[in-house]
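The structure appears right after this line, and notes come after that.
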Amino acid sequence: MSSTSDSRILVNPAGLRAAPLNPPVSKSDAQRALVLGHLTGAWPLPSVQAEPDEDLPADVRVLRRGVEALRQRWEPQGTVRDVDCADGGAPFRILVTQAAVTPGAHVRFTGTPRLGERPHGPLFTSVRAALGTAGLTLTEGTPWPVELKAPRDTSAVAPVFRVPGAQSSQYASSLLLGCAALFLRERRAWSVEIEGALTSAGYLELTVTWLKRFGFDIQESSSRYTVAGYTAPPSVPSLPGDWSSLGYLLLISWKAGGTVERADTGSAHPDDAIVRLIEQVGLRAVPAGGQHTLKVEGRLSGGLRASGKECPDLLPTLAALACVLPAPSTLTDVEILRVKESDRLEGIRTLVAAYGGTTKLQGESLEIHPPSSPPARFEMDSRGDHRLAMTAATLCVLSGTPLLLTGPECVEKSFPGFWRQLSRTGALISREP
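Here our numbering is used: the first residue of the sequence shown is 766, the next is one more, and so on.
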């Protein structure tokens, strides 16, 4: 997949200076909190409202628009709402289940061609199997639109969704949020049963954490999650900074000698693993004054190892770090990267090659060998993928090597202010013809 934009920027990391860097609100946390705020009456969600729209990740704006559509009246019967999910995989999957459990909802979903190519079948199958006998219909275009008509009464169906865990934990998260909606309406327990091993289990645990924060009683076993009760919490939980974005900022701030803010190490987000993973290569994140402010210290040594089962969104960031380490690194369980906003596995390999390094793919393991002699400048096409764009910029800073990047605008998806934050370190960012 090539970039959706022909625009290019030149990033020159010469003359870096220390500066406090700030991530956006966590899109993974915000998406879950928005749905739960809608279900429990905490709408609009205060901590999302407090964020300037231009700083909200595009995926959060997409999900908020979808929830607002679902909150409208569904009379007269036959009313259709159009919801454009753009390139948002998580918003689309979450909204599909929320539409399916909204009595009488009739929603027509659209999105980008790439979103249509990504796998959604297990979620569709699960929703149909659970609610089809109550009158739900879900029809798929090629790939768009996806049209869903929800039943008005689900009280007669068995209260369980069954879904495979192999491809994505987003299916289970979406269904568990649907269980919360059904529990509040029917006052009976609803469950998600996961078949087989679960990929990216940390994101389902993040969903469970947010359900509990909003007052839901969640009963867990090895493969079954049940929404069994609800008690309104004394206050609406606030949102943390985004740990996926903090991964870039921590490495950039280390090179520039600065700090990062809004870095809550008590977060349930899987990508806070970055704090532990960088310790493998001689770096350490330490408190630096203000609450949730960190500074990274240390000198690089050795190579690193990380798994896509634990933190798939961190793997591109860690690949950038691997390019400047003195020894090879290994990323495992990498196949999941192929079904992201782009084929991120190939994107990582392209980035390493552009920087002069080499990769070796054996099954689900990717070895990254840093170059013996880095280039004077390297070029990268973002492929329309926000994480590849920010990963390339992180490598640029870590290495001190200028970067020519095609398609920089895609960072809007998760970190609209990324280029503004990078410029605070003194990195020079200019438009190229």
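Ideal Cβ placement from N, Cα and C applies to all residues, glycine included. Predicted, not measured: the structure shown is a model, and the values here were computed from it.
Query raised in the report: In this structure, what does DSSP give as the bridge partners for glutamate 905?
Result: As a working note, residue 905 is residue 140 in the sequence shown. Glutamate 905 is bridged to Val911.
Query - Alpha carbon of glutamine 935 to alpha carbon of aspartate 771, nearest angstrom - result: Translated into positions along the sequence shown, residue 935 becomes position 170. Translated into positions along the sequence shown, residue 771 becomes position 6. So the two alpha carbons sit approximately 32 angstroms from each other.
Requested in this report: Can you give me the start and stop residues for the beta strand (DSSP E) that proline 1052 sits inside?
Outcome: Taking the sequence shown and counting its residues from 1, one reaches residue 1052 at position 287. Unbroken beta strand (DSSP E) run through proline 1052: 1048 to 1052.
Requested in this report: Check the C-beta distance from alanine 1192 over to valine 776 and give it rounded, since I have them as a contact under 8 angstroms.
Outcome: Locating residue 1192 in the sequence shown gives position 427, where the first residue counts as 1. Locating residue 776 in the sequence shown gives position 11, where the first residue counts as 1. Between valine 776 and alanine 1192 the Cβ distance is about 6 angstroms, and since that is below 8 angstroms, they are a contact.
Query raised in the report: Are the beta-carbon atoms of serine 1130 and proline 1091 separated by less than 8 angstroms?
Result: Counting from one through the sequence shown, the residue named residue 1130 turns up at place 365. Counting from one through the sequence shown, the residue named residue 1091 turns up at place 326. Cβ atoms of serine 1130 and proline 1091: not closer than 8 angstroms.
**Report entry** C-alpha distance - phenylalanine 944 paired with tryptophan 955, whole-angstrom precision
**Finding:** What you label residue 944 is simply residue 179 of the sequence shown in a count that begins at 1. What you label residue 955 is simply residue 190 of the sequence shown in a count that begins at 1. Before going on, a small fix: residue 944 reads as cysteine here, not phenylalanine. Cα to Cα, the separation comes out at about 5 angstroms.
Requested in this report: Could you tell me which of Gly906, Pro868, Leu971 and Arg978 sits nearest to proline 878, measuring between CA atoms?
Outcome: What you label residue 878 is simply residue 113 of the sequence shown in a count that begins at 1. Of the candidates Gly906, Pro868, Leu971 and Arg978, the one whose C-alpha sits nearest the C-alpha of proline 878 is Gly906.
Query raised in the report: Relative to the C-alpha of leucine 801, which residue among Gly980, His1034 and Ser1179 is closest?
Result: The residue you call residue 801 lines up with position 36 of the sequence shown. With distances taken between Cα atoms, leucine 801 lies closest to Gly980.
Query - Cα-Cα separation between glutamate 1100 and serine 933, rounded to whole angstroms - result: Position 335 of the sequence shown, counting from 1, holds the residue named residue 1100. Position 168 of the sequence shown, counting from 1, holds the residue named residue 933. Straight-line Cα distance between these residues: approximately 11 angstroms.
Query raised in the report: Can you tell me the Cα-Cα spacing of threonine 1123 and glutamate 958, whole angstroms?
Result: Position 358 of the sequence shown, counted from the start, is the residue given in the question as residue 1123. Position 193 of the sequence shown, counted from the start, is the residue given in the question as residue 958. Their Cα atoms are separated by approximately 41 angstroms.
Query raised in the report: If valine 1051 sits next to cysteine 1088, beta carbons under 8 angstroms apart, how far is it from one beta carbon to the other, in whole angstroms?
Result: Numbered from its first residue, the sequence shown carries residue 1051 at position 286. Numbered from its first residue, the sequence shown carries residue 1088 at position 323. Contact doesn't hold; Cβ gap of about 25 angstroms is too wide.
Query raised in the report: Touching or not, the stretch 1072 to 1081 and the stretch 1094 to 1113, by the rule of three or more beta carbon pairs under 8 angstroms?
Result: Taking 8 angstroms as the limit for Cβ pairs, the verdict is that the stretch 1094 to 1113 does touch the stretch 1072 to 1081.
Requested in this report: Quick one: grab the DSSP three-state call for glutamate 1134.
Outcome: Taking the sequence shown and counting its residues from 1, one reaches residue 1134 at position 369. Inspection of the sequence shows that residue 1134 is occupied by histidine rather than by glutamate. Strand at histidine 1134.
Requested in this report: Pull up the distance between the alpha-carbon of threonine 1115 and that of glycine 1149, whole angstroms please.
Outcome: Here residue 1115 corresponds to residue number 350 of the sequence shown, with the count starting at 1. Here residue 1149 corresponds to residue number 384 of the sequence shown, with the count starting at 1. Answer to the nearest angstrom: the Cα atoms are 14 angstroms apart.
Requested in this report: Please classify tryptophan 808: does DSSP put it in a helix, a strand, or coil?
Outcome: As a working note, residue 808 is residue 43 in the sequence shown. Reduced to three states, the DSSP call for tryptophan 808 is coil.
Requested in this report: Ignore the nearest five residues each way along the sequence and tell me which others in glycine 780's own chain have a CB closer than 7 angstroms to its CB.
Outcome: As a first step, residue 780 must be located in the sequence shown, where it is residue number 15. Within the same chain, glycine 780 has close Cβ partners Gly1191.
Requested in this report: Could you check if glycine 854 is buried or exposed, using at least 16 other CB atoms within 10 Å of its CB as the buried criterion?
Outcome: The residue labelled residue 854 in the question sits at position 89 within the sequence shown. Per the 10 Å Cβ criterion, buried.
Query raised in the report: Does DSSP classify alanine 779 as helix, strand or coil?
Result: On the sequence shown, position 14 is the one that residue 779 refers to. Alanine 779 falls in the coil class under three-state DSSP.
Requested in this report: Please report how far the alpha carbon of lysine 1125 lies from the alpha carbon of leucine 1096, in whole angstroms.
Outcome: Here residue 1125 refers to the residue found at position 360 of the sequence shown. Here residue 1096 refers to the residue found at position 331 of the sequence shown. Approximately 10 angstroms, taken between the alpha carbons.
Query raised in the report: Per DSSP, which one or two residues make a beta bridge with tyrosine 995?
Result: As a working mapping, residue 995 is identified with position 230 in the sequence shown. Beta-bridge pairing by DSSP links tyrosine 995 to Phe981.
Query raised in the report: Among Val790, Ile859, Val866 and His1151, which residue has its Cα nearest to the Cα of phenylalanine 948?
Result: On the sequence shown, position 183 is the one that residue 948 refers to. Considering only Val790, Ile859, Val866 and His1151, the residue with the shortest C-alpha distance to phenylalanine 948 is Val866.
Query raised in the report: Does DSSP classify lysine 1178 as helix, strand or coil?
Result: As a position in the sequence shown, residue 1178 is number 413, starting the count at 1. Helix at lysine 1178.
Query raised in the report: Rounded to a whole number of angstroms, what is the C-alpha to C-alpha distance between glutamate 715 and phenylalanine 1183?
Result: The first residue shown for the chain is 766 and the last is 1198, placing residue 715 beyond what the model contains.
Query raised in the report: Which residue's Cα is closest to the Cα of arginine 989: Leu940, Val1046, Val790 and Arg1064?
Result: Here residue 989 is taken as the residue at index 224 of the sequence shown, counted from 1. Among Leu940, Val1046, Val790 and Arg1064, the Cα nearest to that of arginine 989 belongs to Leu940.
Report task. Might you give, ordered along the chain, the residues of its own chain that have their beta carbon closer than 8 angstroms to the beta carbon of leucine 786, omitting 5 neighbours on each side? Result -> Taking the sequence shown and counting its residues from 1, one reaches residue 786 at position 21. Listed in chain order, the non-local C-beta contacts of leucine 786 below 8 angstroms within the same chain comprise Leu1014, Ile1017, Ser1018, Gly1023, Thr1024, Val1025, Glu1026, Gln1186, Arg1189 and Thr1190, local neighbours out to five positions each way being set aside.
Requested in this report: Just tell me which of Ala1154, Val925 and Thr1166 has its CA closest to the CA of lysine 1178.
Outcome: One-based indexing of the sequence shown puts residue 1178 at position 413. The residue with the shortest Cα to Cα distance from lysine 1178 is Ala1154.
Query raised in the report: Any idea if glutamine 796 is buried or exposed, counting beta-carbon neighbours within 10 angstroms, 16 or more meaning buried?
Result: Position 31 of the sequence shown holds residue 796. Its Cβ being crowded by 16 or more others within 10 Å, glutamine 796 is buried.
Query - Inter-residue Cα distance where the pair is aspartate 849 and glycine 876 - result: Counting from 1 along the sequence shown, the entry for residue 849 is found at position 84. Counting from 1 along the sequence shown, the entry for residue 876 is found at position 111. If you take the alpha carbons of aspartate 849 and glycine 876, they lie about 6 angstroms apart.
Query raised in the report: Can you round the beta-carbon distance between glutamate 960 and glycine 1006 to whole angstroms, since I take them to be within the 8 angstroms contact cut?
Result: Here residue 960 is taken as the residue at index 195 of the sequence shown, counted from 1. Here residue 1006 is taken as the residue at index 241 of the sequence shown, counted from 1. About 34 angstroms separates the Cβ atoms of glutamate 960 and glycine 1006, ruling out a contact at the 8 angstroms cut-off.
Report task. Give the DSSP bridge partners of arginine 846, in chain order. Result -> Numbered from its first residue, the sequence shown carries residue 846 at position 81. In the DSSP output, where bridge partners are listed per residue, arginine 846 has Val872.
**Report entry** Reduced DSSP category for arginine 1103 - H, G, I as helix; E, B as strand; rest coil
**Finding:** Position 338 of the sequence shown, counted from the start, is the residue given in the question as residue 1103. Under the three-state reduction of DSSP, arginine 1103 is assigned to helix.
Query raised in the report: Whose C-alpha, out of Thr1082, Glu819 and Gly1063, is nearest the C-alpha of arginine 1070?
Result: As a working note, residue 1070 is residue 305 in the sequence shown. Ranking the options by Cα distance to arginine 1070, first place goes to Thr1082.
Query raised in the report: How should glutamine 814 be labelled, buried or exposed, when 16 other C-beta atoms within 10 angstroms of its C-beta is the threshold for buried?
Result: On the sequence shown, position 49 is the one that residue 814 refers to. When all chains shown are included, glutamine 814 counts as exposed.
Report task. Drop a sphere of 10 angstroms on the beta-carbon of glutamine 863, count the other beta-carbons inside from all chains shown, and report buried for 16 or more, exposed for fewer. Result -> If you number the sequence shown from 1, residue 863 lands on position 98. It is buried - the Cβ of glutamine 863 has at least 16 other Cβ atoms within 10 Å.
Query - Chain-order list of residues whose beta-carbon lies under 7 angstroms from that of valine 1040 (same chain, five-residue window excluded) - result: Here residue 1040 refers to the residue found at position 275 of the sequence shown. Its chain contains Thr1030 and Ala1050 as the residues whose beta carbon lies nearer than 7 angstroms to that of valine 1040, once the 5 sequence neighbours on both sides are disregarded; these appear in chain order.
Requested in this report: Could you pull the start and end residues of the alpha helix (DSSP H) that threonine 1095 belongs to?
Outcome: Position 330 of the sequence shown, counting from 1, holds the residue named residue 1095. Under the DSSP assignment, threonine 1095 falls outside any alpha helix (DSSP H), being part of the beta strand (DSSP E) whose first and last residues are 1094 to 1097.
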